[in-house]
Each structure stands twice: as C-alpha cells, then as structure tokens.
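Under the numbering used here, think of the first position of the sequence shown as 69, with each following residue one higher.
We treat Cβ as the ideally placed atom computed from N, Cα and C, and that holds for glycine.
Report on the following structure.
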Amino acid sequence: MKLSDRLNGIGEYYFSQKLKEIQEMNQAGDNVINLGIGSPDLPPHPDVIKTLQDESAKPNVHGYQGYKGVDILRNAFASWYNKWYGVSLNPVTEILPLMGSKEGIMHICMTYLNQGDEVLIPNPGYPTYSSAVQLAGGTCITYDLTEENNWFVDFENLETRDLSRVKLMWANYPQMPTGQLPDTQQFEALVAFGKKHDILICHDNPYSFILNKNPISILAVEGAKETAIELNSLSKSHNMAGWRMGVMVGAKERIEEVLRFKSNMDSGMFLPLQLAAAKALSLEQDWLEQVNAVYANRKQKAYALLDLLNCTYAKEQAGLFVWAKIPAGYQSGFKLSDEILYNAKVFITPGGIFGQAGDGFIRVSLCSPEEKFDLSIERIQKFLTAK
Ligand SMILES: Cc1ncc(COP(=O)(O)O)c(C=O)c1O
Numbered sequence: 069m070k071l072s073d074r075l076n077g078i079g080e081y082y083f084s085q086k087l088k089e090i091q092e093m094n095q096a097g098d099n100v101i102n103l104g105i106g107s108p109d110l111p112p113h114p115d116v117i118k119t120l121q122d123e124s125a126k127p128n129v130h131g132y133q134g135y136k137g138v139d140i141l142r143n144a145f146a147s148w149y150n151k152w153y154g155v156s157l158n159p160v161t162e163i164l165p166l167m168g169s170k171e172g173i174m175h176i177c178m179t180y181l182n183q184g185d186e187v188l189i190p191n192p193g194y195p196t197y198s199s200a201v202q203l204a205g206g207t208c209i210t211y212d213l214t215e216e217n218n219w220f221v222d223f224e225n226l227e228t229r230d231l232s233r234v235k236l237m238w239a240n241y242p243q244m245p246t247g248q249l250p251d252t253q254q255f256e257a258l259v260a261f262g263k264k265h266d267i268l269i270c271h272d273n274p275y276s277f278i279l280n281k282n283p284i285s286i287l288a289v290e291g292a293k294e295t296a297i298e299l300n301s302l303s304k305s306h307n308m309a310g311w312r313m314g315v316m317v318g319a320k321e322r323i324e325e326v327l328r329f330k331s332n333m334d335s336g337m338f339l340p341l342q343l344a345a346a347k348a349l350s351l352e353q354d355w356l357e358q359v360n361a362v363y364a365n366r367k368q369k370a371y372a373l374l375d376l377l378n379c380t381y382a383k384e385q386a387g388l389f390v391w392a393k394i395p396a397g398y399q400s401g402f403k404l405s406d407e408i409l410y411n412a413k414v415f416i417t418p419g420g421i422f423g424q425a426g427d428g429f430i431r432v433s434l435c436s437p438e439e440k441f442d443l444s445i446e447r448i449q450k451f452l453t454a455k
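Structure below.
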C-alpha cells in the first residue's frame, strides 16, 4: 500500500521501536532493566481504584458519553486548578477532558494548522510536538533550550527571527527532558510574546506535581487566556498513565474550536473512568507527598548510577527523570546508551531523541523500584571494571 504523504518523515515512535529491541533481547534471556520510560510503576490511590470498581459494576454506565466529559469531572478539574494553581476556570466552558494530554497535542495541531503554518518547538523537547505538527501539515521551527540559559526560552534570539508565519508555540515547564523547574517570569514572558506576535502559546504541564514544591500554571498569568492554552494530565501526577486521562484548559473559544475537531475523533470516555479521575483530583497533599518521597529516594540511586558513568547533572530538577550530561570522550548519548544497553543490559534514554540539542545528554527515569537501581548499578560497575 502506498502511504499518505503526511507520513513522510514520520517514523515509528522511538520508544515503540526500542521496546521491540529490548523485548527481543529479553526473549534471548537478557533480562534488561528499563530505566528509559516515564510510566509510573506505583498504583493510583486505593479510593480511585475503588471508585472505578464500584462504578463499573453498575448496569447503566456503559453507554457512550458526551464529548465534553461529565459535569462531575469538569467540576473536579476546576476545583483542582483553583486549589493547586490559583486559577479560576469556568467548568462548563473552559475545561475539556482528554484521553491523556498526548491526544490533545494532536487535536490542537489539527484544529489550527494549515499547510505551511509554522510552529515553534522546543529543542530538546517531547517528540510528539514535532510529529503532531508535521502530521497536521505544519512546519516545525525549533528553538534551542540551553543549559546556560537554564533551559528557558531565549526570547532575544527568537525576536531576531521571522515569526510572521508562526501560528503556535509549544512550551513545557517543568520541562521534559531537562527537568527545568517552572518560573512565573518565564510564563509572563511567554504570554507577552504570544500577545505581541499573535501566537497561540500551548503550554504542556503534566509534571507539575512530581518533585516540584511549587506547581504553577501559565494560566495564572494575568490575561493569559487571551493567548495561551494549557494541557494537563493525571498520567504522572496520579499514577494513571494507562488510564488515559488528561485535560485542556483555556478560553471558551479555544475549547469550542478544539472540540469541533475532537468530537469527530472519539465518542466520549467511559463514565466510571471519569468518576474515578474526579476522585483522584480531590486527593489531598499527603498522598502526593508519599509518592514524591518514593521518587526522592530513587533519585539518590539515580545520582549514584550517573556518578558511576561520570555524568554531571543539576540537582534542582522536577519531573520523573534525571537529565545528565555525558562525560567527555563519548560522541553522543546514543553511544553511551547503547554501550550500557548491550553490555550491562540496562536501558537509559539517549537525550538525542528529544532533539539534536539533547545529543550530549542521557535521561534516567525514576519509574523503577530502588532494587532495580541497585541491580543496574551492580551491572554497570561490573561492565566498567571489565572494560
Ligand atoms: C512533556 C510530555 N507531555 C505529554 C505527555 C503525554 O502524557 P499523557 O499520558 O497525558 O498523554 C508526556 C508523556 O511522556 C510528556 O512527557
């Protein structure tokens, strides 16, 4: 079959390919430890699971649902935004529940982009931004994030570029993969930039509750709704990645526009899942603190592993990963990642998959128990001694 032109330049997602390779290695008896992917291994809160169980046992909850989610869920998102971010949202008009934020990235691109429209994409950044832009017919214009600039947007540099065809800009703090913490001034600058150039700022905020004491939303900036929308997700914050539950928040007009596309793509979300998600959104700080305590301990182990590899890293990082610079002597993170995978049977993500600016880095996920880190350290130590 001849494929559609829109797939030109779009390969299989890196992790999908790599996981196949790891699976083959495991079938050959390698027992690879995967410190690559950011899928929380801890369970959701027991009350969340109980809500799903109780609700799905009812006879009348199995039909199609509305396209905008049920009131209970939208109200829960509104209260959550108010409580944690100090952002006031109208639950009827300014909230659109999604099946994870990843689908929102595609919906937003499909809603706004025409052939040739340009989109600013962070480098390094989440690879889905660029594939969604390309699939929607847009053109990616990358903006480099550098360590020297604290992985923040270099607006001075952006202002020197021709922005006349730029329609959207993707930004994400806490930043993935660099772990850079969010910053109110950076959000204010993004909003001002969006307004000045008439660019829709799409802020992706799935990591704000992981190892971050001060969750902030771009919508907390005065007047942000005029130029910005935000995606959020329960995948990381509530250990619900497989449940596929996220949200888009923003001005009524933006929600209606994206819904026009989205309502042609799916037929609503399973009601018990929406009710369980509402339960998750009502959880108190103590649960989040327990989860974060587990990640904080694992982070110490990740540091030990990175020290062994002579990598360097900032300790002030939020999110589910540690982003680290590879030692001199390695041409790229790909080389180091493959060396460790094939020799120590430990998979660490090469930073280059997030854009060429990530080439000299690797990313260690905190989604494995401490014992796996201990075993990884043992295996790497053994390989390095034998080398
Ligand atoms: C920056 C970023 N945005 C969005 C997502 C997608 O999350 P979700 O599970 O909500 O689709 C991820 C997942 O890894 C991510 O790292």
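{"Query": "Quick one, what's near ligand 1 if you take every residue whose CB is closer than 6 Å to any heavy atom, in chain order?", "Result": "Gly-106, Gly-168, Ser-169, Lys-170, Tyr-194, Asn-240, Met-244, Asp-272, Pro-274, Ser-301, Ser-303, Ala-309, Gly-314"}
{"Query": "Around the Cβ of Ala-204, are there at least 16 other Cβ atoms within 10 angstroms (buried) or fewer (exposed)?", "Result": "buried"}
{"Query": "Just reading off the beta strand (DSSP E) that Ala-396 is part of, what are its end residues?", "Result": "Careful: Ala-396 lies outside any beta strand (DSSP E) and carries neither H nor E."}
{"Query": "Compute the distance between the beta-carbons of Ser-198 and Ile-78, then report whether it is under 7 Å.", "Result": "no"}
{"Query": "For Ala-425, write down the residues that DSSP places opposite it in a beta bridge.", "Result": "Looking at the DSSP assignment, Ala-425 forms no beta bridge with any residue, so it has no partner."}
{"Query": "Within the region 368-415, note down every full beta strand (DSSP E) run reaching 3 residues or more, in order along the chain.", "Result": "389-393"}
{"Query": "Grouping DSSP H, G and I as helix and E and B as strand, with all else coil, what is Ala-296?", "Result": "strand"}
{"Query": "For Lys-456, collect the residues of the same chain with a Cβ closer than 8 Å to its Cβ; drop the 5 residues on either side in sequence, then sort them by chain order.", "Result": "The displayed coordinates of the chain run from 69 to 455. Any statement about residue 456 would go beyond what the structure contains."}
{"Query": "Measuring only the C-alpha atoms, how far is Met-337 from Glu-298?", "Result": "20 Å"}
{"Query": "I need the boundaries of the beta strand (DSSP E) containing Val-187, first residue and last residue.", "Result": "186-191"}
{"Query": "Could you tell me the distance, in whole angstroms, from the CA atom of Glu-80 to the CA atom of Leu-356?", "Result": "34 Å"}
{"Query": "Can you list the alpha helix (DSSP H) stretches of 4 or more residues lying completely in the region 85-144, in chain order?", "Result": "114-124"}
{"Query": "How would you label Thr-228, buried or exposed, when you count the other beta carbons within 10 angstroms and need 16 or more for buried?", "Result": "exposed"}
{"Query": "Please confirm whether Cys-177 and Val-138 have their CB atoms less than 7 Å apart.", "Result": "no"}
{"Query": "With DSSP collapsed to three states, give me the class of Asp-212.", "Result": "strand"}
{"Query": "Write down the C-beta distance between Lys-263 and Glu-294 rounded to the nearest angstrom, noting that I regard them as a contact closer than 8 Å.", "Result": "6 Å"}
{"Query": "Classify Asp-266 as helix, strand or coil using the three-state DSSP reduction.", "Result": "coil"}
{"Query": "Could you work out which residue in Lys-455, Val-129, Asn-182, Leu-75 is closest to Arg-233 when comparing CA atoms only?", "Result": "Asn-182"}
{"Query": "Please classify Glu-162 as buried or exposed, where buried requires at least 16 neighbouring CB atoms within 10 angstroms.", "Result": "buried"}
{"Query": "Rounding to the nearest angstrom, what Cα-Cα distance links Lys-88 and Trp-148 in this structure?", "Result": "38 Å"}
{"Query": "Could you pull the DSSP bridge partners for Thr-459 from this structure?", "Result": "Nothing in the structure corresponds to residue 459, since the chain is present only between 69 and 455."}
{"Query": "Measure the C-alpha to C-alpha separation of Leu-268 and Leu-341 and round it to an integer number of angstroms.", "Result": "31 Å"}
{"Query": "Does Lys-450 pass the burial test, meaning 16 or more other C-beta atoms within 10 Å, or should it be called exposed?", "Result": "exposed"}
{"Query": "Where Tyr-25 and Arg-366 are concerned, what is the direct C-alpha to C-alpha distance, given to the nearest angstrom?", "Result": "Residue 25 is absent from the structure shown; the chain starts at 69 and stops at 455."}
{"Query": "Just how far apart, CA to CA, sit Ala-260 and Lys-118?", "Result": "44 Å"}
{"Query": "Do you know how far the Cα of Gln-368 is from the Cα of His-271?", "Result": "30 Å"}
{"Query": "Less than 7 Å between C-beta atoms, sequence neighbours within five positions excluded: which residues of the same chain meet that for Ser-169?", "Result": "Asp-272, Pro-274, Leu-299, Asn-300, Ser-301, Gly-314"}
{"Query": "Check each candidate in Ile-173, Lys-455, Lys-347 and name the one with the smallest Cα separation from Leu-141.", "Result": "Lys-347"}
{"Query": "Just confirm the distance between the C-beta atoms of Phe-415 and Asn-102, as a whole number of angstroms; I'd bet it's less than 8 Å.", "Result": "5 Å"}
{"Query": "Please check the pair Ser-436 and Pro-418, which I expect to be a contact at CB under 8 Å, by giving their CB distance rounded to whole angstroms.", "Result": "Ser-436 to Pro-418, Cβ: 18 Å. No contact."}
{"Query": "I need the straight-line Cα distance from Tyr-180 to Asp-442, nearest angstrom please.", "Result": "47 Å"}
{"Query": "Can you check which of these residues, Asp-375, Lys-455, Arg-312, Pro-245, is closest to Ile-105 by C-alpha distance?", "Result": "Pro-245"}
{"Query": "Do the CB positions of Lys-413 and Val-100 come within less than 7 Å of each other?", "Result": "yes"}
{"Query": "Check the C-beta distance from Lys-304 over to Pro-114 and give it rounded, since I have them as a contact under 8 Å.", "Result": "Actually they are not in contact, since the Cβ atoms of Lys-304 and Pro-114 sit about 19 Å apart, beyond 8 Å."}
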